[in-house]
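So the sequences go chain by chain: X and D.
Using numbering that gives the first Met the number 0, read the first sequence as starting at 0 and increasing by one per residue.
Using numbering that gives the first Met the number 0, read the second sequence as starting at 0 and increasing by one per residue.
We put the CB at the ideal spot given by N, CA and C, even for glycine.
There are 2 protein chains.
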Amino acid sequence: MPAKMVDKLYKTLTAALSGNLRDLKGDPITDHLVATVMGCSSFLQTLTNRPLTSFVVGKKYFMFEHNGKTSRPVNIALFNTKPTAAALKKVISCDVEGMTSDAITKIVYTAIQSYCCCTDLLKSGDQKTPGTFFEILIGHMVSKSLGVNPERQIRVPTLDLDITIPTDFVFDLGPGKNRVHLPIKISTRERVVQVWAHQRVLDGMHGVARFKGILVAMAEMNKQKDISVAEVCLPNQWMAYQMYIAQMFRVYYLDIPTPYLKLKETYPFIQVKPFGDFFSEIDKIEKSGVGGA
Amino acid sequence: MPAKMVDKLYKTLTAALSGNLRDLKGDPITDHLVATVMGCSSFLQTLTNRPLTSFVVGKKYFMFEHNGKTSRPVNIALFNTKPTAAALKKVISCDVEGMTSDAITKIVYTAIQSYCCCTDLLKSGDQKTPGTFFEILIGHMVSKSLGVNPERQIRVPTLDLDITIPTDFVFDLGPGKNRVHLPIKISTRERVVQVWAHQRVLDGMHGVARFKGILVAMAEMNKQKDISVAEVCLPNQWMAYQMYIAQMFRVYYLDIPTPYLKLKETYPFIQVKPFGDFFSEIDKIEKSGVGGA
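Written out as structure tokens, the structure is:
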């Protein structure tokens, strides 16, 4: 598959969304996502891959190779080299009843990595579309689950001026329910403080925890010289942000960094979980109170 | 002057600072800064420059050209094409008594642009050293003025754990005085939310306004296709951050963006001023109270 093919699949997907995310939760988006992932996966199935030395205890990684280029690291335990369109469609359309959190997480991880590895290998300097693809996929699944499409800007209630500012996805779930603030990042690094800061702005404008803050991230990998791989984590900063800036309700990862997994065991008890857990927690997201977990 | 020469001047400067900014306010740093700027300036004096179409009302810009490369935009009214070592040394060592704010701002602007334009023209993909040079120059002048060297990490006072986290420059001015939180950025763009977020963490850890937050930035220019130049500003976001995240005490610019200049006229009255004003406000920074301006 040439680079053009990936471009075409991606453009069909984003074109379906043009006009302000008109229907991010709609069925056509499921179909475009499945088609894009299947196209990418069938290309990756023609390639060789090479194991990386992993400095992450208990996790093994490889990378794909093609024409002298290499992909980002792929977690062997989470990546399905031969996903079926039926399995992808079932999960991406949120028909996950009876599935384990692990099984959901693996399919979603596979879908995202298939697209990201293809762009790593087939395109040059494309930092942007993997992030957008990730945002569309997660945004689609979350909005389908919540039954509402998101907004991307919000009115600031000042006494003097009428101001709107751009935000990450925010959802209005209707009367009697919380609202949702959903930042989506492939990796976070030191930019993560933005997530807590935007949550703080929402808390300040609309009341503490009026919006439940849910960060969804992919992984925090650092590949060194095409040989080894490590996780880049800042757990102390995360604790300070959760204590002093605002309180994120959940952080979901596809490939959870080990240092973050432990954050829920000690104060301030940041709830970092695999993305597959989202589907069994929708009720809490919609209805838990200001102090609720 | 070849690229090597700029590298050598820069390395002498940073070497003088090695070992954790041992004496950022010290006289040797003044001398290295002056030598670096004079070296860069004499190279720039051998070059031609070309005017840019300015979309910024009341401001004119040009760029330097060399071997097919072009520099960032330079504000004609603020840039001195032939600075003297004596004038640079006087200002960089903070011997500014009797000088106007304008005159100080111009010398500092000239010093920074001389280094930045040289790296634009002589090096490839060097995003980092201009930011570090700017941070050293401003950090030197502020610490000399306050009479104290800064720290770059801070202890988080938790009941359970002993945590230190990295910060921008922070200054302990001693008993009876405020402390200072000094982020320094060539340009801010949407990353600026970090500044307010870090101020919020300090407020949360040590009490509101225990640290006076002072952001120093260069400019917010966007050069398009080597033809024109515009300012990229987000005044609505700044207002929301100042209302809901934390309160920055001052924002100083070398080349103030017009939309930010107006922020001090309406609530929440963000005090954005030319950098030269800093020297007449040191007393306020050291001693004003929680609500004080």
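Anticipated Cβ contact below 8 Å, residue i with residue j, distance rounded
{"i": "Ile153 of chain D", "j": "Thr166 of chain D", "result": "5 Å"}
{"i": "Leu51 of chain X", "j": "Phe61 of chain X", "result": "6 Å"}
{"i": "Leu87 of chain D", "j": "Val33 of chain D", "result": "5 Å"}
{"i": "Leu253 of chain D", "j": "Val271 of chain D", "result": "Not quite, the Cβ-Cβ distance comes to about 12 Å (not below 8 Å), so this is no contact."}
{"i": "Asp119 of chain X", "j": "Arg71 of chain X", "result": "6 Å"}
{"i": "Pro267 of chain D", "j": "Met238 of chain D", "result": "6 Å"}
{"i": "Ala84 of chain X", "j": "Ala196 of chain D", "result": "Not confirmed; about 43 Å, so no contact."}
Residue i versus the options, residue with shortest Cα-Cα distance
{"i": "Ile162 of chain X", "options": "D:Asn235, D:Val250, D:Pro50", "result": "D:Asn235"}
{"i": "Leu16 of chain X", "options": "X:Asp202, X:Glu134, X:Leu121", "result": "X:Glu134"}
{"i": "Gly97 of chain D", "options": "D:Asp282, D:Lys283, D:Asp276", "result": "D:Asp276"}
{"i": "Pro174 of chain D", "options": "D:Arg209, D:Leu46, D:Ala14", "result": "D:Arg209"}
{"i": "Thr128 of chain D", "options": "D:Met238, D:Ile255, D:Asp6", "result": "D:Asp6"}
{"i": "Tyr243 of chain X", "options": "D:Val207, D:Val289, D:Val250, D:Leu262", "result": "D:Val207"}
{"i": "Val141 of chain D", "options": "D:Cys93, D:Leu121, D:Thr99", "result": "D:Cys93"}
{"i": "Pro149 of chain X", "options": "X:Arg178, X:Leu201, X:Pro258", "result": "X:Arg178"}
{"i": "Gly57 of chain D", "options": "D:Val228, D:His180, D:Asp171", "result": "D:Val228"}
{"i": "Val289 of chain X", "options": "X:Asp101, X:Met247, X:Ala76", "result": "X:Met247"}
{"i": "Val250 of chain X", "options": "X:His180, X:Lys143, X:Pro27", "result": "X:His180"}
{"i": "Leu172 of chain D", "options": "D:Ile269, D:Lys283, D:Glu189", "result": "D:Lys283"}
{"i": "Lys105 of chain D", "options": "D:Thr80, D:Ser287, D:Ser123, D:Leu121", "result": "D:Thr80"}
{"i": "Thr265 of chain X", "options": "D:Lys10, D:Val147, D:Thr157, D:Pro1", "result": "D:Thr157"}
{"i": "Val192 of chain X", "options": "X:Ile75, X:Asp26, X:Cys232", "result": "X:Cys232"}
{"i": "Val200 of chain X", "options": "X:Thr187, X:Glu189, X:Ala245, X:Arg190", "result": "X:Ala245"}
{"i": "Ala216 of chain X", "options": "X:Thr187, X:Met204, X:His205, X:Asp202", "result": "X:Thr187"}
Buried versus exposed call for residue i [16 or more other C-beta atoms within 10 Å across all chains shown]
{"i": "Gly67 of chain X", "result": "exposed"}
{"i": "Glu230 of chain D", "result": "buried"}
{"i": "Gln241 of chain D", "result": "buried"}
{"i": "Gly212 of chain D", "result": "buried"}
{"i": "Phe54 of chain X", "result": "exposed"}
{"i": "Gln198 of chain D", "result": "buried"}
{"i": "Ser40 of chain D", "result": "buried"}
{"i": "Asp101 of chain D", "result": "exposed"}
{"i": "Gly138 of chain X", "result": "buried"}
{"i": "Thr99 of chain X", "result": "exposed"}
{"i": "Leu160 of chain X", "result": "exposed"}
{"i": "Pro1 of chain D", "result": "exposed"}
{"i": "Pro27 of chain D", "result": "exposed"}
Residues near residue i by beta carbon distance below 6 Å, same chain, minus five either side
{"i": "Val194 of chain X", "result": "Pro182, Leu214"}
{"i": "Gly38 of chain D", "result": "Leu8"}
{"i": "Leu12 of chain D", "result": "His31, Thr35"}
{"i": "Thr69 of chain D", "result": "Met62, Asp225"}
{"i": "Ala218 of chain D", "result": "Asp254"}
{"i": "Lys3 of chain X", "result": "none"}
{"i": "Phe132 of chain D", "result": "Tyr114"}
{"i": "Lys143 of chain X", "result": "Lys24, Cys93"}
{"i": "Pro256 of chain D", "result": "Glu219, Glu230, Cys232"}
Own chain residues within Cβ distance below 8 Å of residue i, not counting five before or after
{"i": "Ile226 of chain X", "result": "Leu51, Thr52"}
{"i": "Ala103 of chain X", "result": "Per the sequence shown, the amino acid found at residue 103 of chain X is Ile instead of Ala. Here the set comprises Val90, Val95, Phe274, Gly275, Phe278."}
{"i": "Ile281 of chain X", "result": "Ser144, Leu145"}
Cβ neighbours of residue i in the same chain (closer than 7 Å, five flanking residues each side left out)
{"i": "Phe78 of chain X", "result": "Tyr108, Thr109, Gln112"}
{"i": "Glu64 of chain D", "result": "Leu46, Thr47, Asn48, Arg49"}
{"i": "Cys116 of chain D", "result": "Leu43, Phe63, Ser70, Arg71, Val73"}
{"i": "Ile164 of chain D", "result": "Gln152, Ile153, Val155"}
{"i": "Gly130 of chain X", "result": "Ile185"}
{"i": "Val147 of chain X", "result": "Phe170, Asp171, Leu172"}
{"i": "Lys176 of chain D", "result": "Glu285, Lys286"}
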